[in-house]
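In what follows, a structure is listed as structure tokens, so that the remarks can point back to it.
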Amino acid sequence: MMEEVSIRMTTGHRAGAKDIGLILLVLMVLINTIQIFAQGSEKSREDSLIKYNPEQMISDFDYLFETLESIHPDLYFYTTKDSIDVLRKKAIERLNHPMTSVEFWKIIAPVVVKLNDGHTAIYFPYQVRKDYLDSGGLIFPFEVNVENDKLFITKNYTQDTLIGINSEIQSINKIPADSILCTMRNYINGERKSFIDLKVSLIFKHLIWALFDFTDSFIIDFIAASNGKNYTKSYEGISYEEYKSFKENKKSDSEPYTFYKIPEAKTGVIDFRHMVDYSAFNKFLDSTFTVILNDSLQNLIIDIRKNGGGNSNLADALLSHFNKKSYTQATQMDVKVSKQARKQFRKIFFKWYMYPLYPVALFNSYSRPVLFGKKGKIVSYNREPEKPKTSDPFFNGSVYLLTSPNTFSSANILAAVFKCYDMGTMIGEETGGLTIAFGDIISVELPNTKLKGGCSYKKFYHPCGKPDNHGVIPDIEVKQNPEDTKQGKDTVMEFTVNYINKSK
């Protein structure tokens with residue numbers, strides 16, 4: 025929007041040549057600024073439609089795997105190189121005509137997914153999607169959750185109340201729900217099906233556009249949760265502005281951490297959804313545990329069922345308020361030496377103004393093997409449990425940790441530490457992450473198409489970890505009851521509160 029310029033002449037003063045020149049200069053600057061922004065926006069949209077020739081795409085695809093092989097400590101741990109090579113060859117055969125970046129992504133992403141590493145992927149081209157939405161494109165008007173191989177409505181952005189929460193989608197634009205789900209899973213990286221389905225749920229509206237080219241209207245066959253009857257209805261997509269408005273009104277759903285009390289059970293609940301903002305989290309913990317102690321609460325429930333990870337330092341901060349036992353987040357960590365890993369280590373240990381001190385790294389037993397080791401070598405670090413520092417206010421009551429298949433990455437580490445070192449009672453479902461897993465991501469960008477991705481450069485052996493392709497198993501396994509979901513009840517939370525009350 026162009027800002028209005030008001031030029032005011034005081035009484036007794038006439039605009040001379042200098043004034044007029046100044047006015048014209050200001051107007052020219054404003055006009056040029058508007059043109060630059062318009063051109064930038066237009067260029068972004070034009071970039072979305074650029075088609076790349078086969079040579080460029082094949083070059084990018086080769087570059088991608090050369091980079092992944094140089095960074096990853098064991099790229100073919102889950103799927104053999106021979107199997108991946110067959111998939112790569114088939115994908116290259118399809119790169120036989122000019123394509124957009126989205127079309128290119130649709131061919132190569134499933135190959136990377138077959139590596140089965142939750143932290144290694146070629147990412148969905150969100151910039152292209154954003155350009156489409158900014159130019160007036162519409163969004164699928166529902167949020168969806170994958171549960172037991174079925175699709176259920178979790179949010180409805182239309183005016184139709186018939187297709188309510190927990191209504192089951194049977195088909196969209198005459199494509200069966202199971203076919204849609206099967207296709208989408210091929211584009212989501214992860215070790216375990218439960219976590220893959222979570223990711224499908226989170227970006228369903230983007231995938232339905234990219235993979236099926238569903239844009240403006242959606243004919244949906246569904247079973248209404250309210251009466252169990254089948255319906256077929258057509259729904260128009262919503263604009264990006266409408267979608268953002270809906271999300272603004274539901275901001276509380278996305279808060280990274282909140283606290284509430286269940287007074288009748290003398291219990292406090294930390295709903296811990298995202299491991300972000302270490303400083304803010306420490307302030308949150310200080311105020312939360314102050315309330316817990318002032319109100320003489322005897323039990324604490326930490327809910328990480330919707331926590332996909334983040335900064336693992338937040339786990340240490342949380343534990344410091346109720347745990348005094350020695351522990352470590354990883355008993356062993358393997359790092360593959362590469363130019364990318366060296367760059368990552370330099371970021372960690374050296375700011376730009378410290379580069380003259382770079383040779384000092386020779387004397388650092390942690391950084392030296394990676395910064396100066398031979399490329400391709402695996403460097404192993406072993407760590408024994410250590411006595412932690414405690415933080416005030418400190419809680420001495422009973423602690424319960426709630427987990428689910430959506431508990432992943434750094435949240436999975438928290439669950440592993442909590443369970444292995446017996447810090448309380450773990451209730452819920454097996455976590456979505458593994459107890460021996462790859463992680464810590466190095467960013468990758470393809471030189472021609474500019475598609476972005478990430479690659480694990482470490483392998484973590486978490487406490488009590490086993491190479492059995494399992495997550496952390498709870499002390500008490502409780503699953504969400506589908507009937508409870510329809511009625512808005514939380515099966516696991518209700519079980520935990522009842523368990524606490526019976527334990528008095």
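For the sequence shown, our numbering gives the first residue as 25, with consecutive numbering after it.
No residue lacks a Cβ here, since even glycine has one placed at the ideal position from N, Cα and C.
Segments assigned beta strand (DSSP E), at least 3 residues, entirely inside the stretch 232-275: Fully enclosed beta strand (DSSP E) runs of 3 or longer: 241-247 and 254-260.
Locate the beta strand (DSSP E) running through E479, then write down its first and last residues. The sequence shown places Cys at residue 479, not Glu. Taken as a continuous stretch (DSSP letters only), the beta strand (DSSP E) holding C479 covers K476 to Y485.
Integer-rounded CB distance, given that N323 should sit under 8 Å from G421: 6 Å
What's the call for Q183, buried or exposed, on a 16-neighbour Cβ count within 10 Å? exposed
Note down the Cα distance separating S278 from M299, rounded to an integer number of angstroms. 12 Å
Answer yes or no: do G463 and R216 have a C-beta to C-beta separation smaller than 9 Å? no
Looking at C-alpha atoms only, which residue of P149, V135, I187 and Y281 is the closest neighbour of I244? Of the candidates P149, V135, I187 and Y281, I187 places its Cα closest to the Cα of I244.
Here's the rule: buried if 16 or more other CB atoms are within 10 angstroms of the residue's CB, otherwise exposed. What is S362? Of the residues assessed, S362 falls on the buried side of the cut-off, its CB having 16 or more other CB atoms within 10 angstroms.
Which residue or residues does DSSP assign as beta-bridge partners of V423? L324
Nearest neighbour of P417, chosen from G261, D237 and L309 [CA to CA]: L309
Taking the alpha helix (DSSP H) that M208 belongs to, which residues open and close that run? Where M208 is concerned, the enclosing alpha helix (DSSP H) starts and stops at A201 to R209.
With a threshold of 7 Å on Cβ separation, who are the neighbours of T427 within its own chain once the five nearest residues in sequence on each side are excluded? Shown here for T427: same chain residues with a beta carbon closer than 7 Å to its own, the five before and five after excluded, namely I328, R329, A439, M450, G452, E453, T455, V496 and P498 in chain order.
Beta-bridge pairing of N6 - partner residues as DSSP gives them: Nothing in the structure corresponds to residue 6, since the chain is present only between 25 and 528.
Reference E469, options W129, G292, R370 and V137, closest by Cα: W129
Specify whether the stretch 504-517 and the stretch 470-483 touch according to this definition: at least 3 beta carbon pairs, one from each stretch, less than 8 Å apart. no
Closer than 8 Å is the cut-off here; do at least three beta carbon pairs connect the stretch 168-184 with the stretch 202-213? Proximity of the stretch 168-184 to the stretch 202-213 meets the contact definition, three or more beta-carbon pairs being nearer than 8 Å.
Three or more beta-carbon pairs under 8 Å between the stretch 346-361 and the stretch 403-413, yes or no? yes
For S83, tell me which candidate among Y523, T473 and K503 has the shortest Cα-Cα distance. T473
In whole angstroms, what is the alpha-carbon distance linking P487 and I500? Answer to the nearest angstrom: the Cα atoms are 19 Å apart.
Do G160 and S241 have their CB atoms nearer than 9 Å? no
Please report the straight-line C-alpha distance between L343 and V521, rounded to a whole angstrom. 21 Å
For L92, which option in S125, L73, G333 and L139 has the closest C-alpha, if you only look at C-alpha atoms? The shortest Cα separation from L92 among S125, L73, G333 and L139 belongs to L139.
Between the CA atoms of K179 and Y281 - distance to the nearest angstrom: 21 Å
Local conformation of S350 per DSSP, three classes: coil
Contacting residues, own chain, Cβ-Cβ under 7 Å from I286 (five flanking each side not counted): V293 and V521
Whole-Å CB distance - V135 paired with I108, under 8 Å assumed: 7 Å
With distances taken from CA atoms, which of D319, K413, K253 and F85 is nearest N337? K413
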